[in-house]
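**Q** Sending over a structure as structure tokens; questions will come in a sec.
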Amino acid sequence: VELDVYQYAAAAAQIPDRPHRFRGVWTVNGGTGPHRGDWFFCPGGGEVPRLIGGFDTAGTTLELLPAALEGSRGGPSPRVSVSVRDSMMAALDS
54 VELDVYQYAA
64 AAAQIPDRPH
74 RFRGVWTVNG
84 GTGPHRGDWF
94 FCPGGGEVPR
104 LIGGFDTAGT
114 TLELLPAALE
124 GSRGGPSPRV
134 SVSVRDSMMA
144 ALDS
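Each position in the sequence shown, counted from 1, maps to that position plus 53 in the working numbering.
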């Protein structure tokens, strides 16, 4: 998967200066989108990944329009079920 990520100046999470990574986890529904997912900050050192936001993807801007019109939910809330998230994280860690 190729992904363009844009960082905005006003970040909602405190991210330390030490090395770290992010993971995007999402489920795929039928069609080209929109698909919804969660962004996690993965600090390393055995710390649990932290949900820091969500994202929407689609094959075209027009397909993304319904998700954009829905707007923000007022802070990070999971879009991917816990069982799916845990199995995806385990697969990425192996």
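Each residue gets a CB set at the ideal place from its N, CA and C atoms; glycine is no exception.
Taking the CB atoms as reference points, tell me whether residue 87 and residue 117 lie closer together than 7 Å.
**A** Within the sequence shown, numbered from 1, the residue matching residue 87 stands at position 34. Within the sequence shown, numbered from 1, the residue matching residue 117 stands at position 64. Cβ distance < 7 Å, so residue 87 and residue 117 count as in contact.
**Q** Is it right to say residue 90 is buried, meaning 16 or more other beta carbons lie within 10 angstroms of its own, or is it exposed?
**A** In the sequence shown, the residue the question calls residue 90 occupies position 37. Classification for residue 90: buried.
**Q** Out of curiosity, what's the CA-to-CA distance linking residue 82 and residue 121?
**A** Taking the first residue of the sequence shown as position 1, residue 82 is located at position 29. Taking the first residue of the sequence shown as position 1, residue 121 is located at position 68. Cα to Cα, residue 82 sits roughly 18 Å from residue 121.
**Q** Just to confirm the assignment: which complete beta strand (DSSP E) runs, minimum length 3, are found wholly within the region 77-145?
**A** If we require 3 residues or more, the beta strand (DSSP E) runs fully inside the region 77-145 come out as 88-95 and 103-110.
**Q** Cα-Cα, which of 78, 85, 141 and 74 is closest to residue 115?
**A** Here the question's residue 115 lines up with position 62 in the sequence shown. Of 78, 85, 141 and 74, the residue nearest in Cα terms is 85.
**Q** With a 10 Å radius around its C-beta and 16 neighbouring C-beta atoms as the bar for buried, classify residue 131 as buried or exposed.
**A** Counted from its first residue, the sequence shown places residue 131 at position 78. Under this definition residue 131 is an exposed residue.
**Q** Is it buried or exposed, residue 147, if we count other Cβ atoms within 10 angstroms and call 16 or more buried?
**A** Indexing the sequence shown from 1 puts residue 147 at position 94. By the neighbour-count rule (16 or more Cβ atoms within 10 Å), residue 147 is not buried but exposed.
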